[in-house]
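In the working numbering, the protein residues as written are 1 to 59. Cβ atoms here follow ideal geometry from the backbone N, Cα and C, with glycine treated the same way. Bear in mind the structure is a predicted one, so any value in this text is a computation, not a measurement.
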Amino acid sequence: MMNEHWKKSTYSDGGGGNCVEARAIDLGAAIRDTQNRGLAELSLPNAEWSALLHALRTR
Numbered sequence: 001m002m003n004e005h006w007k008k009s010t011y012s013d014g015g016g017g018n019c020v021e022a023r024a025i026d027l028g029a030a031i032r033d034t035q036n037r038g039l040a041e042l043s044l045p046n047a048e049w050s051a052l053l054h055a056l057r058t059r
C-alpha cells in the first residue's frame with residue numbers, strides 16, 4: 001500500500017534550499033526535492049533506502 005504522506009527531513013533548514021522529502025512506497029521509499037515537487041521522484045527498494053540512511057547517519 002502506498003503512503004501519500006511526505007515527510008520532510010528534520011535536518012532541512014528553512015532557507016538553504018537543501019530540503020528533501022520522503023514517503024513509504026510498496027517495497028521501499030520515494031524521495032523528492034522540495035523545490036521541485038512536481039518533477040520526478042526517486043524510488044528506492046528497501047535495501048538501497050536502508051543503505052542510504054545508514055550512510056547519511058554515519059557521515
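Other residues of its chain near residue i: CB distance less than 6 Å, five sequence neighbours each side excluded
i: Ala29; result: Ala22, Leu44 and Trp49
Span separating the alpha-carbon of residue i from that of residue j
i: Ser12; j: Ile31; result: 14 Å
i: Ser38; j: Asn46; result: With the sequence shown as reference, residue 38 is identified as Gly, and Ser is not the correct amino acid for it. Computed Cα separation, rounded: 24 Å.
i: Thr58; j: Thr10; result: 16 Å
i: Gly17; j: Asp26; result: 28 Å
i: Thr34; j: His5; result: 14 Å
Per DSSP, the bridge partner or partners of residue i
i: Glu41; result: According to DSSP, Glu41 bridges with nothing at all.
i: Gly28; result: Ile25 and Pro45
8 Å Cβ shell around residue i - same chain, five flanking residues per side excluded
i: Asn36; result: none
i: Leu52; result: Leu44
i: Glu60; result: Only positions 1 to 59 of the chain appear in the structure, and residue 60 is not among them; the question remains open.
Supposed close pair residue i, residue j - CB separation, criterion 8 Å
i: Lys7; j: Cys19; result: At roughly 11 Å, the Cβ-Cβ gap does not stay under 8 Å, so Lys7 and Cys19 are not in contact.
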